[in-house]
Amino acid sequence: MNGVEHLAIVAAGLGAGVLTSTVGVASLISFPALIALGIPPVVANASNTIGLLPGALSGSFGYRRELREVSRPTTIAVVLTCAIGAIGGAVLLLALPPGVFAAAAPWLILFTCLIVGVQPWISRWLRSRHDEPQATRTTMTPATTFFAALTGVYGGYFGAGAGVMMMAVLGLGLDLELRVVNALKTLSLLAANLVASVIFVFIADLNPTAIVLLAIGSVAGGYVGSHIGRRLPSGLLRVLIVVAGITAAVLMLR
């Protein structure tokens with residue numbers, strides 16, 4: 111790779127870092143950029159996962175104020191669930207043909223975009239079916255845990271749109287402000303990517319240059335994105351998540 115291509119990867123990492131902390135479709139920038147430079151898909155996917163770790167880390171640090179609003183047991187449950195799921199996803203990436211799981215990804219993203227968009231109405235409808243006022247949901251239910259684990263599997267395998275999926279799962283399963291859900295989503299994806307990265311380092315073929323360049327860009331982008339995500343109104347953030355998810359799905363279907 112030449113100097114221009116190096117700068118392109120740093121820029122892709124910067125944009126991906128911003129999207130990690132806001133709308134959760136980071137890989138839709140960085141992964142295609144690596145493919146365009148001739149890096150094989152599985153190598154690009156594994157290298158992309160590792161390269162974006164600093165972005166998720168800096169994004170989680172930027173959201174530290176929001177994360178304090180979530181109880182420690184809930185935070186630990188979300189992180190562990192996603193991390194365990196990511197183990198299965200990383201194994202699938204290395205064991206299955208590249209196109210198997212990716213073929214379903216656009217439809218999964220579209221479905222979760224729908225959930226994110228209608229989540230306020232669904233929550234109100236569920237509460238209206240009970241005669242007595244329901245307590246605020248601040249802990250993980252078995253259903254929320256199950257779908258968070260599936261999202262972790264997806265994040266370990268491919269990852270594009272995993273943030274949108276996690277926003278939908280946590281937004282439906284927990285009664286938290288959207289900015290807090292966004293922070294918890296960023297931390298959970300950090301956990302999933304960290305576990306997958308450890309597996310990839312020991313087993314997968316990697317492109318070290320791409321990893322370093324993505325890391326340089328993503329560490330700044332993740333921190334900047336956390337400040338952008340904090341200031342976006344909930345309604346606008348929800349719209350941006352849906353638009354980003356639909357765009358990601360359409361690009362993946364092409």
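Using our numbering, read the sequence shown as starting at 111 and increasing by one per residue. Glycine is no exception: its CB is placed at the ideal position from the N, C-alpha and C atoms.
Short of 7 Å in beta carbon distance, which residues of its chain neighbour residue i, apart from the five on each side in sequence? Order them along the chain.
{"i": "Leu100", "result": "Absent from the structure is residue 100, since the part of the chain shown begins at 111 and ends at 364."}
{"i": "Asp241", "result": "Since pLDDT at Asp241 reaches only 48, below the 50 mark, its modelled position is unreliable, and the value read off the structure follows with that caveat. Correct list: empty, nothing qualifies."}
{"i": "Ile356", "result": "Leu220 and Cys223"}
{"i": "Asn317", "result": "Ile149, Val153 and Ser157"}
Which residues mark the beginning and the end of the alpha helix (DSSP H) in which residue i is found?
{"i": "Phe268", "result": "Neither: Phe268 is in no alpha helix (DSSP H) and is coded neither H nor E."}
{"i": "Met111", "result": "Met111 -> no alpha helix (DSSP H), and no H or E assigned at all."}
{"i": "Met277", "result": "Ala272 to Gly283"}
{"i": "Pro183", "result": "Arg182 to Ala205"}
If you drop the 5 nearest sequence neighbours on each side, which residues of the same chain put their C-beta closer than 6 Å to that of residue i?
{"i": "Leu284", "result": "Arg247"}
{"i": "Leu177", "result": "Ala293"}
Assign residue i to one of three DSSP states: helix, strand, or coil.
{"i": "Arg289", "result": "helix"}
{"i": "Asp241", "result": "The pLDDT assigned to Asp241 is 48, lower than 50, so where the model puts this residue is not dependable, and the model offers no usable value."}
{"i": "Arg247", "result": "coil"}
{"i": "Ala358", "result": "helix"}
{"i": "Arg348", "result": "helix"}
{"i": "Ala253", "result": "helix"}
{"i": "Ala214", "result": "coil"}
Keeping to the same chain, check which residues put their C-beta closer than 8 Å to that of residue i; ignore five residues upstream and five downstream.
{"i": "Leu361", "result": "Leu138 and Pro142"}
* Asked: Taking the runs of the beta strand (DSSP E) that are 3 residues or longer, which of them lie wholly in the region 118-150?
  -> none
* To do: Return the chain-ordered ranges of every alpha helix (DSSP H) run that is complete within the region 149-175 and spans a minimum of 4 residues.
  => 151-161 and 163-172
* Decide if the region 129-141 is in contact with the region 160-175; the criterion is three or more beta carbon pairs, one per stretch, under 8 Å apart. => yes
* To do: Within the region 307-343, note down every full alpha helix (DSSP H) run reaching 4 residues or more, in order along the chain.
  => 318-341
* **Touch test, the region 345-361 against the region 179-199, Cβ-Cβ under 8 Å, three pairs minimum** => The count of Cβ pairs closer than 8 Å, one atom from the region 345-361 and one from the region 179-199, stays below three, leaving the stretches out of contact.
* Three or more beta-carbon pairs under 8 Å between the region 327-341 and the region 185-200, yes or no? -> In this structure the region 327-341 does not lie against the region 185-200, because fewer than three pairs of beta carbons, one per stretch, are closer than 8 Å.
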